[in-house]
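One structure is given here, and the rest of the page talks about it.
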């Protein structure tokens, strides 16, 4: 296991700043662009990350510490942002995510988790038994996956602008599965 | 065509800040991680972006304005960073990229390009005839592609840490082609 809490936290703490650098005041043309059909825009993704802060990662961490695997986690609603973000300003969402993440990292640190805690088990409603370190690692990877997704969505906004460069810029040919 | 210079510049100006938010002082374990075999680490990618600032995008813009399609661009060396970055500190590379990008955007703005200029043609050594707006759009997409790549490389550093979550975190199953 290479998981270390301080390293995981160092990545989790960066995400709001990364998203603000990439997206704050970027304009609606970029923030609401998506990859077609029912794919997600940066606006949708930031709403999804907010819902994760409110209901998923830290909540499940506390659930494991309190209940172990006896009571499964509440299922996560992957579509909550379509209701929750309705009518909201994108910059407000970015600020809200930043505030929630800072609060959650502060709480996470206050739990003073030990190496023994990382082996504690929880019950995921879809995946079955998981450990606390797997949950915290998945939180990190989930952030990074969505940063990559947002970069790809922004790139695809220029899909028809690059002409023959399409063949070199492989990100343009990626089909989303998220 | 949806290309607009001020929008392209707004994305290009963000990249150094995005990379510093994601990577500055992140530690060697993350900055030198790659996706196996001869794939690139964040350290390699930032070196590649520096080489692009020195020899590719703005240089080719000026080449189009000066020579049109008569003289092809110099071929771009995709592997220059392996020599150029040798022995360098990662944080110095991030700062160097930031400085070069700021300088290049300043020069780009000073060219006062018009809509007519965007149609001017250049000769790419591999892709054939391209326009200036395609070149500038490709610069934007190239940045975003490498931000996505770096996020993916960082995510994969935790590939074996997430346990059963692998099946939900599709970024972990992506095989690089860059």
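Chains as they are written, first to last, in my numbering: chain A, 1 to 178; chain B, 1001 to 1178. A virtual CB, placed ideally from N, CA and C, is assigned to each residue, including glycine. As the structure is a prediction and not an experimental result, all values here were calculated from the model.
Asked	Found
Name, please, each residue of chain B whose Cβ falls closer than 9 Å to the Cβ of residue 134 of chain A.	1161, 1162, 1163, 1164, 1165
Indicate whether residue 152 of chain A and residue 16 of chain A have their beta-carbon atoms separated by less than 8 Å.	no
Tell me whether residue 1025 of chain B is buried or exposed, calling it buried when 16 or more other Cβ atoms sit within 10 Å of its Cβ.	exposed
Which of the residues in the stretch 1040-1073 of chain B, read from start to end, lie with their CB under 8 Å from any CB of chain A?	none
Can you name the start and end residues of the beta strand (DSSP E) that residue 128 of chain A belongs to?	128-131
Is residue 143 of chain A buried or exposed, if buried means 16 or more other CB atoms sit within 10 Å of its CB?	buried
Which class does residue 1122 of chain B belong to by DSSP, given the choice of helix, strand or coil?	strand
What do you get for residue 1060 of chain B, buried or exposed, if any count of 16 or more other CB atoms within 10 angstroms of its CB means buried?	buried
So, does the CB of residue 90 of chain A fall closer than 8 Å to a CB anywhere in chain B?	no
Could you name the residues of the stretch 113-137 of chain A whose beta carbon sits closer than 9 Å to any beta carbon of chain B, in the order they occur along the chain?	124, 126, 127, 128, 129, 130, 131, 133, 134, 135, 136, 137
Roughly how many angstroms separate the alpha carbons of residue 1046 of chain B and residue 1126 of chain B, rounded to a whole number?	24 Å
Does DSSP put residue 1001 of chain B in a helix, a strand or coil?	coil
If you draw a straight line from the C-alpha of residue 1012 of chain B to the C-alpha of residue 169 of chain A, how long is it?	16 Å
Give the straight-line distance between the Cα atoms of residue 120 of chain A and residue 1147 of chain B, rounded to the nearest whole angstrom.	34 Å
To the nearest angstrom, how far is it from the Cα of residue 1067 of chain B to the Cα of residue 1122 of chain B?	8 Å
Of the residues B/1160, B/1116, B/1088, which one's Cα is nearest the Cα of residue 1044 of chain B?	B/1088
Mind listing which residues of the stretch 1141-1161 of chain B have their C-beta closer than 7 Å to chain A's C-betas, in chain order?	1141, 1142, 1144, 1145, 1147, 1148, 1151, 1152, 1154, 1155, 1158, 1161
Give me the Cα-Cα distance between residue 111 of chain A and residue 166 of chain A, rounded to the nearest whole angstrom.	48 Å
So that I know if they touch, is there some Cβ in chain A lying closer than 8 Å to that of residue 1022 of chain B?	yes
Should residue 101 of chain A be flagged as near chain B, meaning a C-beta pair shorter than 8 Å?	no
To the nearest angstrom, report how far apart residue 130 of chain A and residue 107 of chain A are at their CA atoms.	21 Å
To which residues of the same chain is residue 18 of chain A closer than 8 Å at the C-beta, ignoring the five residues directly before and after it?	147
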